[in-house]
Amino acid sequence: MEDRRSRLSAASRIYEDLQPYTEWIIGNTADVLRVRLPGFSKEDLQVQLDNNGNIRIRGERPVGNAPLWSRFAIEHRIPGNTDIKGIKARFDLDTLYITFPKLITEEPIKPSPPTPPPPMPAPQKPVPPSLEPPTPAPPTLRRLLRRRRIWIHQRRRHQLRSRQRRPRHQNLNRRQCPSQNLRR
Numbered sequence: 000m001e002d003r004r005s006r007l008s009a010a011s012r013i014y015e016d017l018q019p020y021t022e023w024i025i026g027n028t029a030d031v032l033r034v035r036l037p038g039f040s041k042e043d044l045q046v047q048l049d050n051n052g053n054i055r056i057r058g059e060r061p062v063g064n065a066p067l068w069s070r071f072a073i074e075h076r077i078p079g080n081t082d083i084k085g086i087k088a089r090f091d092l093d094t095l096y097i098t099f100p101k102l103i104t105e106e107p108i109k110p111s112p113p114t115p116p117p118p119m120p121a122p123q124k125p126v127p128p129s130l131e132p133p134t135p136a137p138p139t140l141r142r143l144l145r146r147r148r149i150w151i152h153q154r155r156r157h158q159l160r161s162r163q164r165r166p167r168h169q170n171l172n173r174r175q176c177p178s179q180n181l182r183r
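Numbering (numbering that gives the first Met the number 0), first residue to last: 0 to 183.
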């Protein structure tokens, strides 16, 4: 009878889906998956490993006294270099930490052969200065910008001179220009 009531109450629940914040922390000896779950307790969570190399994290909790429940389900791939037997989970202050220890692979240390001392450099002859003129250094940004400013300045001066060559009364009507009134 009790089992039937719990099924009926579960069927009358209204769920609100939650997408928790997850973060991978990569370390030298272990990787850590950190899942932020505000409002959840340890009893509300379920962590499972499957045979396909995935980890599933599920959880649900009631929200207040209403039939509203908050739930989530996330799945992550277990890193390839993980010691499966050493995976641990701990819940602390609304955060779930899942530690994936890395496999320790011991490679035999091969003794390296002793390296001979480096040979002494031969004395170099003084190089006579070349008779060619030195190549000019590529222009720096400052020189390029200066050239550009000079070019712009010269262009503006040319435009101003060409404006000054035009007669002033070109755009005025006859009554305003005294020189045209004299020609009549």
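Ideal Cβ positions, reconstructed from N, Cα and C, are used throughout, including at glycine.
Within the same chain, show all residues whose beta-carbon is closer than 8 Å to that of E74, passing over the 5 residues directly before and after it, in chain order.
Working through the sequence shown from its first residue, we reach residue 74 at position 75. If we look at E74 and ignore the five residues flanking it on each side, its Cβ neighbours are N53, I54, R55 and I56.
Given a threshold of 16 other Cβ atoms within 10 Å of its Cβ, counted over all protein chains shown, does G58 qualify as buried or as exposed?
Here residue 58 corresponds to residue number 59 of the sequence shown, with the count starting at 1. Flag for G58 reads buried.
Can you give me the C-alpha to C-alpha distance between R70 and S111, rounded to a whole angstrom?
Numbered from its first residue, the sequence shown carries residue 70 at position 71. Numbered from its first residue, the sequence shown carries residue 111 at position 112. A straight-line Cα-Cα distance of about 58 Å links R70 and S111.
Under three-state DSSP, which class holds L140?
Here the question's residue 140 lines up with position 141 in the sequence shown. Of the three classes helix, strand and coil, the one that applies to L140 here is helix, per DSSP.
Among M119, P115, P78 and T104, which residue has its Cα nearest to the Cα of I97?
As a working mapping, residue 97 is identified with position 98 in the sequence shown. Measuring from the Cα of I97, the nearest candidate turns out to be P78.
With a CB to CB cut of under 6 Å and the five nearest residues on each side skipped, what residues in its chain are close to E22?
As a working mapping, residue 22 is identified with position 23 in the sequence shown. Taken in chain order, the residues that qualify are R33.
Look up R12 in the DSSP assignment and say whether it is helix, strand or coil.
Within the sequence shown, residue 12 is the residue found at index 13, counting from 1. Reduced to three states, the DSSP call for R12 is coil.
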